[in-house]
Every structure is written in C-alpha cells, then in structure tokens.
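A short worksheet on the structure shown next.
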Amino acid sequence: ICKTRNSPARIAAGCDHRFCRNISTVIVFLRYLVICWVCAIFGAPGFAQHMPEREILQSRQLSPTEYQIPASPEAISGQIKFEESFADSTAMQQWTIINADGSFNNSVGGFTTYLIYSNGDSIKPQVPGTYFWASNFSNANGNLLDEWLVSPQLPALETGDTLYFWGGAIGGGYDDSVQVRLATENPQGNISAFVHSLGRYKMAGPLGNWTQYAVPLDSALWRGQPVWIALRYWHSNGGATGAHSDNVWLDHIILVNNPSTGIQPEKNVAETFELHQNYPNPFNPSTTIPFRLEKSASVKLTVFDIDGKIVATLVNKTLPAGEHSVRWNGQNDQRRTVANGVYFYQLSVENADQTRKMILLK
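Quick note on numbering: the working numbering labels position 344 of the sequence shown as 1043, and the sequence is numbered without any gaps.
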C-alpha cells in the first residue's frame, strides 16, 4: 500500500508516509545486521565456503609498465598460424561466450583487463595492455558450472600442429580445470558441434600466476580441415557450495605448426580410438553403434538427448583392442522406449571422448 506516495489505497488506509518511511529504515537496518551475522558465522574456520580473499574487488586497465612477463615453461618454435591475445573489443567479438548451465540472469564469465582480490592479490593479462577471460564459482547454476569460450574458425590443421594457451586458478584444494574441445563444423553457437574432446587440464595456482598449456592437434581425424576450438570451464560439483570450482582465468591462445617436433601418436589419446556413425540412421526401432580401439581401455558409451541429459549407458567397462559394435534398442536405462527426435552418443576413453548424432524416427 505504501509503495506509492499518493496511492488511493494508502490514503484510504489512513497510512502516514513518514511512519512508513521510518519503518522501512528500521527494516533495512535489521537486514544489514542479519547479513553481518551470517557473514560472521559462515566466515569462521570449519565451514566449507569461498573465503573473502577470493572476492573480486575491482578491475581496471593496466599500463605495460605494471606488468612482468612470467617465464614460459616451454619455448614455442615453428610457424604461428593463429594467435589471439584479446587486444581490443574487435578481437574479443570474434570469440563466443556460451552459458550452458542456465545460471540465473545469464551469469557467465567475461573479458577484463585487471582483477584485484580482497587479500591484495591480483591478476593481470598474460600479454601487457590487453584483456583476458575470467570466471568463478558465482556464475554457477547451483552446483553446475558450464561455460564455453569458443574460437573463430582456425586454419586447416596439419602434421605437427599444437595449440598453446595460458591459464591459471586459485590452486590449493580446488580442482579447477578446463576442458579443450574441437569441432570440424561451424558451431554457430551450438556446443553440440564440439564432438571431440582433446583433454582436460587442471589449472595451476597460485592466484595471479599464468601457466602455459600445450594441446596436441596432430590427428588424422581432423587433419586438413578447418576447426573451431572451445575452452570449457565445467564442473558438476562447483558453485558456492561445491568442492571443485573457485576462479579461473584464460589468455593468449596460439596455434603453431612445427613438423619437426610433431606429437607422437601414442601421446595423442584421440587417435587411440574412433567412433563411427551408427547404422541405420535415421533408425526405428534399433540401431548399431560401431567403434574401434587401438588398445585395451576403459570405455564408456552413453546416449544423450538434445538437452544433454543421459538417456542410456550402453557400455561402462574395459574392452580389448579391436573393432566393437553395440546395439541400442531405443530404450532408456529404465527400459522405457524413448520419443522420436535427435540423440547423441558419446564414446569416452581415458581423458578424451568423441560424440556423434543420430535420429530416432518412428
């Protein structure tokens, strides 16, 4: 009634606006006391929470003189085919940020030039005077954290190609990591195009440091094709109450070709298996999913619906090397027949996976 100063309802109720204003002031003050009490209680040792020293206080533009370049653990040699240090808004607009966890108000990581935390630690760009991408636990949807930083189209891949990027995290007990995925078709903002997983990389601390990561791209699966790369910040046990997420920052992505130092096949997990297209496709009521293993490995074959929810787990065990095939009868794990539509099947081997699409059409 009292929200509108001269509302008919307020006048009819005989409401004194000064009295309501005083009451409002008291309510605001009481809310403040409650917040302070909660912070004091949950800030005590022994509570699983994100401590105040990880609170971001401000961001600002740096001058090059404020920055010291850390030593790189690996010298980069060869032909640079692509390099991105997010120098300006034009460069950043070439990249796509996707919020795949559906967090409230589309809360998602973004580009910044400088972060300073309440304990005095700070993060500066890996390349002086530029931007970097950063995210943290507060962008999660409950405990689910799933954010994607997607590249523009990269040049066709060749023998000896390696992707380098720099990243960092708080460190300590948090298992912050970034998954690197690859698409050979234009994703157009659709994460389902990234059917190839190139590995998951734990981001090293401490706060403010940059660590270089090298991702081998030398594979016959995509050699000679233009590709798109996605850096995925994903945790199912993340968020403010989760154990696996805190803060992550990413910068300076480089695609380098050096045939003389090409990655040996045995080091590239993606080449140790291959997932083939199901047949028939479209299918009704069942289909066969073939795949090949170069060596004995622990394998998981899973069917997902178009929303990314698990429909059925077809294989979850160690299999010998060789050709394999699994038949799916169009039923979920509860043995109920699923509806018509698009489904995805994913083969996971060690730290890599491949995904393909199939259509159930009755």
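Every residue gets a Cβ at the ideal spot worked out from N, C-alpha and C, and that includes glycine.
The structure displayed is predicted, hence computed values, not measured ones.
Touch test, the segment 895–910 against the segment 873–884, Cβ-Cβ under 8 Å, three pairs minimum: yes
Whole-number beta carbon distance between residue 956 and residue 857, since they are thought to touch under 8 Å: To locate residue 857, count along the sequence shown from 1; it is residue 158. To locate residue 956, count along the sequence shown from 1; it is residue 257. So it is a contact: roughly 6 Å between Cβ atoms.
Segment limits, alpha helix (DSSP H) that includes residue 788: The residue labelled residue 788 in the question sits at position 89 within the sequence shown. That run of the alpha helix (DSSP H) goes 788–791.
Sheet register partners of residue 982 (DSSP bridge): Looking up residue 982 in the sequence shown gives position 283. According to DSSP, which records beta bridges pairwise, residue 982 is partnered with 1059.
Sub-8 Å separation of residue 775 and residue 953 beta-carbons: Numbered from its first residue, the sequence shown carries residue 775 at position 76. Numbered from its first residue, the sequence shown carries residue 953 at position 254. The answer is yes: Cβ separation under 8 Å.
Beta-ladder partner(s) of residue 934, from DSSP: In the sequence shown, residue 934 corresponds to position 235, counting from 1. Note: residue 934 sits in a beta bridge opposite 844.
Where residue 812 falls: helix, strand or coil (DSSP): The residue you call residue 812 lines up with position 113 of the sequence shown. Look at residue 812 here: in three-state DSSP terms it is coil, with no helix or strand label.
C-alpha distance - residue 910 paired with residue 902, whole-angstrom precision: Your numbering for residue 910 matches position 211 in the sequence shown. Your numbering for residue 902 matches position 203 in the sequence shown. So the alpha carbons of these two residues sit roughly 8 Å apart.
Rounded straight-line distance, which links the Cα of residue 844 to that of residue 733: Indexing the sequence shown from 1 puts residue 733 at position 34. Indexing the sequence shown from 1 puts residue 844 at position 145. Bear in mind that a pLDDT of 47 at residue 733, under 50, signals an unreliable position, so the model cannot answer this.
Proximity of residue 1011 and residue 1002 at Cβ, strictly below 8 Å: Residue 1011 sits at position 312 when you count from the first residue of the sequence shown. Residue 1002 sits at position 303 when you count from the first residue of the sequence shown. It is a contact, given that the beta carbons lie within the stated cut-off.
Rounded separation between residue 1059 and residue 985 - CA only: Position 360 of the sequence shown, counted from the first residue, corresponds to residue 1059. Position 286 of the sequence shown, counted from the first residue, corresponds to residue 985. In a straight line, the C-alpha of residue 1059 is about 8 Å away from that of residue 985.
Alpha-carbon to alpha-carbon, residue 874 and residue 945: Taking the first residue of the sequence shown as 1, we reach residue 945 at position 246. Taking the first residue of the sequence shown as 1, we reach residue 874 at position 175. Approximately 8 Å between the Cα atoms of the pair.
Nearest candidate by alpha-carbon position, reference residue 990, set 1048, 1030, 1041, 1036: Locating residue 990 in the sequence shown gives position 291, where the first residue counts as 1. Considering only alpha carbons, the answer is 1048.
Own chain residues within Cβ distance below 7 Å of residue 842, not counting five before or after: Translated into positions along the sequence shown, residue 842 becomes position 143. So the qualifying residues of the chain are 935, 936, 937, 938, 940, 941.
Straight-line Cα distance separating residue 816 from residue 755: Here residue 755 refers to the residue found at position 56 of the sequence shown. Here residue 816 refers to the residue found at position 117 of the sequence shown. Note that residue 755 scores a pLDDT of 43, beneath 50, so its modelled location is shaky; the value from the coordinates is reported in the next line. C-alpha separation (whole angstroms): 5 Å.
Burial state of residue 1036, where buried means 16 or more other Cβ atoms lie within 10 Å: Taking the sequence shown and counting its residues from 1, the one referred to as residue 1036 is at position 337. Exposed is the call here.
Cβ-based neighbour list, residue 862, same chain, cut-off 6 Å, excluding 5 preceding and 5 following: Here residue 862 is taken as the residue at index 163 of the sequence shown, counted from 1. Excluding sequence neighbours, residue 862 sits near 914, 916, 954.
Residues near residue 1042 by beta carbon distance below 8 Å, same chain, minus five either side: Position 343 of the sequence shown, counting from 1, holds the residue named residue 1042. Answer for residue 1042: 1002, 1003, 1004, 1005, 1010, 1056, 1057, 1058, 1059, listed in chain order.
Per DSSP, cross-strand counterpart(s) of residue 922: Counting from 1 along the sequence shown, the entry for residue 922 is found at position 223. Answer is 856.
Exposure label - residue 1046; buried when at least 16 CB within 10 Å: Start at 1 with the first residue of the sequence shown, and residue 1046 comes out as number 347. Result: buried.
Residue 975 - containing beta strand (DSSP E), residue span: Start at 1 with the first residue of the sequence shown, and residue 975 comes out as number 276. Premise fails: residue 975 is in no beta strand (DSSP E) and is neither H nor E.
Selected residue, minimal CA-CA separation from residue 876, among 900, 1052, 891: Walking along the sequence shown from the start, residue 876 turns up at place 177. The option with the nearest alpha carbon to residue 876 is 900.
Beta carbon of residue 865 nearer than 8 Å to that of residue 975: As a position in the sequence shown, residue 865 is number 166, starting the count at 1. As a position in the sequence shown, residue 975 is number 276, starting the count at 1. Not in contact: residue 865 and residue 975 (Cβ atoms no closer than 8 Å).
Residue 1032 to residue 947 span [Cα, whole Å]: In the sequence shown, residue 1032 corresponds to position 333, counting from 1. In the sequence shown, residue 947 corresponds to position 248, counting from 1. Each residue's Cα considered, the two are about 35 Å apart.
Proximity of residue 813 and residue 823 at Cβ, strictly below 8 Å: Here residue 813 is taken as the residue at index 114 of the sequence shown, counted from 1. Here residue 823 is taken as the residue at index 124 of the sequence shown, counted from 1. Contact flag set, yes.
DSSP three-state assignment for residue 827, whether helix, strand or coil: The count along the sequence shown starts at 1 and reaches residue 827 at position 128. Coil, per DSSP.
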